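A.B. asks:
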Amino acid sequence: MLNSKKQIFILEKPITQTEFADLLQAPFALKFHPASEHEHTFFDTFDWRLYAADRVLERFHNTFHMSNHKSGELVEKWTWRRKQLPKFSWELPANSMRDVLAPILEERALMPVVHSIRRITPIEVKNEDAKTVVRMQWHDYRMKDQPADVHLLEISSVRGYDKEFALLEQSLQDLNTVESANAALFVLAENTGRKSLDYSSKLNLHLKKEMTLAEACHQIFKRLFTVMQQNQAGMRDDVDTEFLHDYRVAIRRTRSALSQIKGVFPQEIRKHHQTQFSFLGKMTNRLRDLDVYLLAEDTYRNMVPGWMRDGLAGLFTYLKTERDKELKEFLIQLDKPETQNLLQSWQSFIEKMKADPASAGKDASENVASLSQSLIFKAYKKVKKNGAAIQPETPDAAVHALRIDCKKLRYLMEFFESLYPEHEIKYLIKQLKKLQDNLGDFNDLAVQQDTLRTFIERHIQAGEKNQLGQAVAIGGLIAALHDRQITVRAEFQKTFATFASEKNVALFKNLFQKEKTQKDSV
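Dropping the structure here:
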C-alpha cells in the first residue's frame, strides 16, 4: 500500500473550528470527533543538530517520534515510560533509535525546545456522497506564559482521493495559513523566544573586502563574545560538556586574534586584553581536561584486556568527584566581581571600538582583504617550514609547537573566511584540520599518559594489595596509550605530506600570496 500524503498548515490568525468550517468552500463537509489532550514536547540539542540533520524529535503518550522535518515522514519511534527522560544517546537502550541519534548528537544533550499541552481534534473531510476523502487533525498548542494558543492543521490523503486532497490543499493555501511540514516546532519555538539555528559555535561572519581592519575585527570580536554569552547558562546548569568547550574555543579564538592581528589596537591595549583572556582560559583548563577523560571512559576501558577493566573503576570514580569539585570552583571564579568586570569591560570596549580613536592601532584603517592575505600567508609559511623540519627523531616538543602554529593558522583562515572563494578556502581548512587532528591526537595522548602517571604517584600506595589491580590496570592503559602515540607519530609524515602537496601549496599561494611577492618561495 502506498504511503499517504501529508501536509501541515499553521493558522496565522486565531480562528475557531466553527469559523474554519464556514470558511472552507463546498464540496467539503467536516465531521468533528471528540478531542483528546496530552503533554507534548519537542526536543533538540542547543545547537540544533537534529534540525540540521532534517529531523524533528517529539514526545507524547510516553512515545518518542522522530520524523523528517521537510517531508513529515516518520523515521523512527520508541516507547519511554520512565519518569527520568534520556539526556544523552548513550542513555538509550541498544536499539535503532540510539543508532540514529548517536552520530547526530555525539556529546550533546537532548533539551526540551518547546513544552506544551496539545489538544487534538480528529476531523473527517466528506464529499457530497458523505465519503471520507481526506483525514484532518486540528492541533491546539497551549504553552505556559504564552498569551495565545497556536493552531495547526494536519491533513492526510485517503487512497483513491488524491484530487480531493489537492483541492483541500489549495483551499487551505487560500486561507491565512502557512504551509510547512512539521512547522509546529519552529512556530512554537519562536513564540518562546527561540529560533531554529539561533545558535552555532561557528563564526558565520560576512565580512566585505572593502572593510577596514577595525570594522572586520569589530565583527569578529563581537561574534566571539556573543558565543561566550550564549554558553554561560548551559555551563551553569551543567547541561553537557559542549557548553564549556564552545566557551573555551571562543576565548582561545579571541586570544589568537589579539595575538596575531597586532595592528588593530595600540600595543598596550592589546596586551592588556590578551592577559585578561589568558586568565579566563586558565580558569577552564582543568575542568575541560576532566570532561575529556570522562567522555573517553568507554574508550579507555576497551584499550585494556577485559580482566583489567575493573581496576579502572577507582580512577573514574576519582575523576568524577574531581570534576564535580572543579565545576563548583569554576562557577565561583566565574561569578567573582573581577571576572564579571573583565567581561563587562571587554563588552564595552568592543561596542565602542569603531568610534573611539584612542583604541585604533596603526593598521586599524587599512584594508582588511589585503592585510588578511599577509597574516594568513605568513602563518602558513611558518607551518610549512616547521612541519617540513620534523623527522622521526625530532623531539616531541617540536611536534607540540607545530600544533600551536596550525591552530593559529586555522583561526586566521576562519576569521577571514568570508573574504575568499567559499569552495577553495573550505577545502584548505579541511586539509589543515586533518593535520591538526593528527597533532592534536599526539598531544592528547601525551597529556593523558602524564595525568595517569601522576595519579599513580599520588593515589596508589606501594605494597597495598587492594590497590594492586588498580595499578596494573592503569599501567596497562598507559602502555596502550603509549603504543597509540607511537602510531600517531608515525602517521605524521604522511599526513603532513598530504597537507603540503603541490595542489595545496598552489592553492595557498593563489589565495593568499600577494602579486608583488609572487616570486618568493614558500
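Each step along the sequence shown adds one to the number in the working numbering, with nothing skipped, and position 402 is 402.
C-beta atoms are modelled at their ideal positions from N, C-alpha and C, and glycine is treated no differently.
Predicted model only: the values in this text are computed from it and were never measured.
Report back the beta-carbon spacing between Phe540 and Ile376 to the nearest angstrom; my notes put them in contact at under 8 Å.
C.D. replies: Summary: the structure shown does not reach residue 540, with the chain confined to residues 1 through 522, and so no result is reported for it.
A.B. asks: Tell me, please, which residues DSSP counts as bridged to Phe32.
C.D. replies: By 1-based counting over the sequence shown, the position of residue 32 is 32. Per DSSP, Ile123.
A.B. asks: Assign Met143 to one of three DSSP states: helix, strand, or coil.
C.D. replies: The residue labelled residue 143 in the question sits at position 143 within the sequence shown. Correct three-state label for Met143: coil.
A.B. asks: Leaving out five residues on either side along the sequence, give the residues of the same chain with a beta carbon under 8 Å from the beta carbon of Ala181.
C.D. replies: Within the sequence shown, the letter at position 181 stands for residue 181. The predicted model places Ala181 with a pLDDT of 48, which falls under 50 and marks its position as unreliable, so this point remains unresolved.
A.B. asks: Within 10 Å of its beta-carbon, does Arg55 have 16 or more other beta-carbons around it, so buried, or fewer, so exposed?
C.D. replies: Residue numbering aside, residue 55 sits at position 55 when the sequence shown is read from its first letter. The residue is buried, with at least 16 neighbouring Cβ atoms inside 10 Å.
A.B. asks: Does Gln470 pass the burial test, meaning 16 or more other C-beta atoms within 10 Å, or should it be called exposed?
C.D. replies: Here residue 470 is taken as the residue at index 470 of the sequence shown, counted from 1. Classification for Gln470: buried.
A.B. asks: Could you tell me which of Ile123, Ile15, Glu329 and His423 sits nearest to Asn285, measuring between CA atoms?
C.D. replies: Taking the sequence shown and counting its residues from 1, one reaches residue 285 at position 285. Answer by Cα proximity: Glu329.
A.B. asks: Can you tell me which residues form a DSSP beta bridge with Gln137?
C.D. replies: Counting from one through the sequence shown, the residue named residue 137 turns up at place 137. BP columns for Gln137 point to Pro122 and Glu154.
A.B. asks: Who are the Cβ neighbours of Lys325 in its own chain at under 8 Å, not counting the five residues just before and after it?
C.D. replies: Locating residue 325 in the sequence shown gives position 325, where the first residue counts as 1. Cβ neighbours of Lys325 beyond the five flanking positions: none.
A.B. asks: Return the bridge partner residues of Met528 from the DSSP annotation.
C.D. replies: Within the shown structure, residues of the chain are numbered from 1 to 522, placing residue 528 beyond reach of any answer.
A.B. asks: Which ranges would you report for the alpha helix (DSSP H) in the stretch 179-266 if only whole runs of at least 4 residues count?
C.D. replies: With a minimum length of 4 residues, the continuous alpha helix (DSSP H) runs that stay inside the stretch 179-266 are 184-191, 213-237 and 242-260.
A.B. asks: Around the Cβ of Asn607, are there at least 16 other Cβ atoms within 10 angstroms (buried) or fewer (exposed)?
C.D. replies: This structure gives no information on residue 607, because the portion of the chain shown stretches from 1 to 522.
A.B. asks: Hey, out of Thr487, Ile429, Phe496 and Ala360, whose CA is closest to Glu268's CA?
C.D. replies: By one-based count along the sequence shown, residue 268 stands at place 268. With distances taken between Cα atoms, Glu268 lies closest to Ala360.
A.B. asks: Which two residues bound the contiguous beta strand (DSSP E) that contains Leu11?
C.D. replies: Stepping through the sequence shown from its first residue, residue 11 is reached at position 11. Its beta strand (DSSP E) spans residues Lys6 to Leu11.
A.B. asks: CA-CA distance, Asp22 and Thr254?
C.D. replies: On the sequence shown, residue 22 is found 22 positions in, with the first residue counted as 1. On the sequence shown, residue 254 is found 254 positions in, with the first residue counted as 1. Cα-Cα distance, rounded: 59 Å.
A.B. asks: What does DSSP give as the partner residues of Ser116 in its beta bridges?
C.D. replies: What you label residue 116 is simply residue 116 of the sequence shown in a count that begins at 1. DSSP output for Ser116 lists His40 as bridge partner(s).
A.B. asks: Identify whether Asn367 lies in helix, strand or coil by the three-state DSSP scheme.
C.D. replies: For the purposes of this step, residue 367 is identified with residue 367 of the sequence shown, where counting begins at 1. Strand.
A.B. asks: Measure the beta-carbon distance from Trp78 to Phe60 and round it to whole angstroms, keeping in mind my assumption that it falls under 8 Å.
C.D. replies: Taking the sequence shown and counting its residues from 1, the one referred to as residue 78 is at position 78. Taking the sequence shown and counting its residues from 1, the one referred to as residue 60 is at position 60. That pair is no contact at about 13 Å.
A.B. asks: Flag Leu205 as yes if its beta-carbon sits less than 8 Å from any beta-carbon of chain C, otherwise no.
C.D. replies: The displayed structure is made up of one protein chain only, and chain C is not part of it.
A.B. asks: Can you give me the C-alpha to C-alpha distance between Gln497 and Thr299, rounded to a whole angstrom?
C.D. replies: As a working mapping, residue 497 is identified with position 497 in the sequence shown. As a working mapping, residue 299 is identified with position 299 in the sequence shown. First, the amino acid is wrong: residue 497 is Ala here, not Gln. Cα to Cα, the separation comes out at about 29 Å.
A.B. asks: Kindly give me the distance between the Cβ atoms of Leu409 and Tyr380, rounded to whole angstroms, as I take these residues to be in contact under 8 Å.
C.D. replies: The count along the sequence shown starts at 1 and reaches residue 409 at position 409. The count along the sequence shown starts at 1 and reaches residue 380 at position 380. Between Tyr380 and Leu409 the Cβ distance is about 6 Å, and since that is below 8 Å, they are a contact.
A.B. asks: For the structure I just gave you, are there three or more beta carbon pairs, one from the stretch 154-166 and one from the stretch 120-137, closer than 8 Å?
C.D. replies: With a cut-off of 8 Å, the stretch 120-137 and the stretch 154-166 count as touching, because enough Cβ pairs lie within range.
A.B. asks: From what residue to what residue does the alpha helix (DSSP H) around Ala506 run?
C.D. replies: On the sequence shown, position 506 is the one that residue 506 refers to. Unbroken alpha helix (DSSP H) run through Ala506: Glu502 to Phe512.
A.B. asks: Between which residues of its own chain and Ser36 is the CB-CB distance below 6 Å, once the five residues before and five after are set aside?
C.D. replies: The sequence position of residue 36 within the sequence shown is 36, counting from 1. Here the set comprises Ile120.
A.B. asks: So, with DSSP's three-state summary, where would you put Thr495?
C.D. replies: Mapped onto the sequence shown, residue 495 falls at position 495. Three-state result, Thr495: helix.
A.B. asks: Using 8 Å for Cβ pairs, my map puts Ala216 next to Val368. What's the rounded Cβ distance?
C.D. replies: As a first step, residue 216 must be located in the sequence shown, where it is residue number 216. As a first step, residue 368 must be located in the sequence shown, where it is residue number 368. Indeed, because the Cβ distance is near 4 Å, the residues count as touching under 8 Å.
A.B. asks: Taking the alpha-carbon positions, what's the His400 to Ile486 distance?
C.D. replies: Here residue 400 refers to the residue found at position 400 of the sequence shown. Here residue 486 refers to the residue found at position 486 of the sequence shown. About 14 Å.
A.B. asks: Count the other CB atoms, across all protein chains shown, that sit within 10 Å of the CB of Val74; report buried if there are 16 or more and exposed otherwise.
C.D. replies: As a working note, residue 74 is residue 74 in the sequence shown. A quick correction: the sequence has Leu, not Val, at residue 74. Exposed: under 16 other Cβ atoms inside 10 Å.
A.B. asks: Going by Cα to Cα distance, which pick from Phe32, Pro27 and Ser4 is closest to Thr16?
C.D. replies: As a first step, residue 16 is located in the sequence shown; it is residue number 16 there, counting from the start. Closest by alpha carbon: Phe32.
A.B. asks: Measure the CB-CB distance between Leu477 and Met283 and report whether it falls below 8 Å.
C.D. replies: Indexing the sequence shown from 1 puts residue 477 at position 477. Indexing the sequence shown from 1 puts residue 283 at position 283. It is not a contact, given that the beta carbons lie outside the stated cut-off.
A.B. asks: Alpha carbon to alpha carbon, how far is Arg301 from Pro93? Give it in angstroms, no decimals.
C.D. replies: One-based indexing of the sequence shown puts residue 93 at position 93. One-based indexing of the sequence shown puts residue 301 at position 301. Their Cα atoms are separated by approximately 20 Å.
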